[in-house]
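According to this note's numbering, the sequence shown is numbered sequentially starting from 114. Scroll down for the structure; my scribbles are underneath it.
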Amino acid sequence: MRHLLKLLYAIIIAGAISCSNGSDATDAELKLTREAARRHAAEVLSHPENSMEREKAILAIRARETRLRDAGFEACADAYITEAAGTLSYPL
114 MRHLLKLLYA
124 IIIAGAISCS
134 NGSDATDAEL
144 KLTREAARRH
154 AAEVLSHPEN
164 SMEREKAILA
174 IRARETRLRD
184 AGFEACADAY
194 ITEAAGTLSY
204 PL
């Protein structure tokens with residue numbers, strides 16, 4: 114979990130450095146975001162269906178998306194939630 118948070122912070126910092134207005138993202142940032150989303154979705158799938166652990170993991174994905182949006186990284190937030198939903202095969 115600690116590594117995932119470091120990755121998320123790295124994405125946010127990289128976005129702040131490369132995008133002064135925060136409205137766009139580089140291909141590298143989007144790639145990292147999608148990779149993180151796939152890992153987080155795999156974590157959801159590792160928990161039993163209808164379990165509290167799975168629900169918590171899904172809520173954590175939504176919270177990460179919200180943090181990206183709140184930080185002004187709309188493109189990263191869109192890529193993150195789209196990739197996570199696609200990996201999970203259902204809308205979040």
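Yeah, the Cβ is synthetic: ideal placement off N, Cα and C, and Gly gets one too.
Integer Cβ distance of residue i from residue j, believed to fall under 8 Å
i	j	result
PRO204	ALA197	Not a contact, Cβ separation roughly 10 Å.
ARG167	VAL157	6 Å
CYS189	ALA138	5 Å
HIS160	ALA170	6 Å
Close beta carbons around residue i, own chain, < 6 Å, minus the five adjacent residues each side
i	result
ASP172	The question names Asp, but residue 172 is Leu in the sequence shown. Correct list: empty, nothing qualifies.
ALA150	TYR193, GLU196, ALA197
Span of the alpha helix (DSSP H), counted from its first residue to its last, around residue i
i	result
THR146	140-158
TYR193	187-201
GLU178	165-183
Chain-order list of residues whose beta-carbon lies under 7 Å from that of residue i (same chain, five-residue window excluded)
i	result
GLU178	ALA190, TYR193, ILE194
Close Cβ partners of residue i (< 8 Å) along its chain, the five nearest in sequence each way excluded
i	result
LEU143	ALA188, CYS189, ALA192
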